[in-house]
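At position 88 of the sequence shown (counting the first as 1) the number is 1031 in my numbering, and the numbers step up by one without a gap. Idealized CB from N, CA, C, for every residue including glycine. Some notes on the structure that comes next.
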Amino acid sequence: MKKRVVVYYSFEGNTKKAAEQLAEKLGADIVELRTVEEIPRKGFGKFFVGGGLALFKKCPPLQDIKSDMDKYEEIILGTPIWAGKCTPAINSFLKAYPVGEKVVAVFTCSGGGGNKGCMKDLSRRLSALKYSTALTDSRNQASKDNELHIQKLAEDIMHGE
944 MKKRVVVYYS FEGNTKKAAE QLAEKLGADI VELRTVEEIP RKGFGKFFVG GGLALFKKCP
1004 PLQDIKSDMD KYEEIILGTP IWAGKCTPAI NSFLKAYPVG EKVVAVFTCS GGGGNKGCMK
1064 DLSRRLSALK YSTALTDSRN QASKDNELHI QKLAEDIMHG E
């Protein structure tokens, strides 16, 4: 069995929940990314700061990651979608850790779409990317299918061994 890690950023908890479920199904380690400066959680600042950073692919400093990425054979990334892009924390991770050849899967969480643009961008940066799934914000009716999508992603990854 390959040594795997699920690396994710979560703003409101949707991506965290999915990351935990996927890591459990894969028997993978899990690493949560956190930026040194938190994105505002409320009001206009939430959209202006977070969306602006994502739109312009900014890479804010991350808090220290306590896991050695070299020990993993496969990495699975999880990100919310902001302004049609992955989050700044994911950009920072991909800049700080040259792991593009290890990232085999990505899952996104969105309340308003943007998955195609996000995946197109990530596909260009991640040479080993084989699998992906788009999940829906838990406040959306379609989120009832998230567990099925997570299960299918886990199965695809495990069968790819």
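Pick helix, strand or coil for residue i, following the three-state DSSP scheme.
i: residue 955; result: coil
i: residue 961; result: helix
i: residue 972; result: strand
i: residue 1072; result: coil
Under DSSP, the alpha helix (DSSP H) around residue i begins and ends at which residues?
i: residue 1061; result: 1058-1068
i: residue 1095; result: 1089-1102
Whose CA, out of the options, lies closest to the CA of residue i?
i: residue 970; options: 952, 981, 1017 and 1011; result: 1017
i: residue 962; options: 1020, 1039, 1011 and 1015; result: 1020
i: residue 1075; options: 1055, 1103 and 976; result: 1103
i: residue 932; options: 1038, 1055, 1036 and 1015; result: In the structure displayed, the chain extends from 944 to 1104; residue 932 sits before or after that span and is not available.
i: residue 1077; options: 1032, 1040 and 1023; result: 1023
i: residue 972; options: 1080, 1065 and 1012; result: 1012
i: residue 1000; options: 975, 978, 1032 and 948; result: 1032
i: residue 968; options: 956, 949 and 1006; result: 949
i: residue 1008; options: 1050, 955, 951 and 1082; result: 951
i: residue 1097; options: 1041, 964 and 977; result: 964
i: residue 974; options: 981, 960 and 1055; result: 960
i: residue 978; options: 947, 1004 and 958; result: 1004
i: residue 1056; options: 985, 1079, 954 and 1099; result: 1079
Answer yes or no: does any C-beta atom of chain D fall closer than 7 angstroms to that of residue i?
i: residue 1005; result: As a matter of chain content, chain D is missing from the structure shown, which is built from one protein chain.
The segment 1085-1101 touching the segment 1056-1067, judged by at least three CB pairs closer than 8 angstroms: no
The segment 1091-1103 / the segment 1027-1046 touching (three or more Cβ pairs under 8 angstroms): no
Inside the segment 1010-1053 only - beta strand (DSSP E) runs reaching at least 3 residues: 1017-1025 and 1046-1053
Stretch pair the segment 1033-1051 + the segment 1062-1076: three plus CB contacts closer than 8 angstroms: yes
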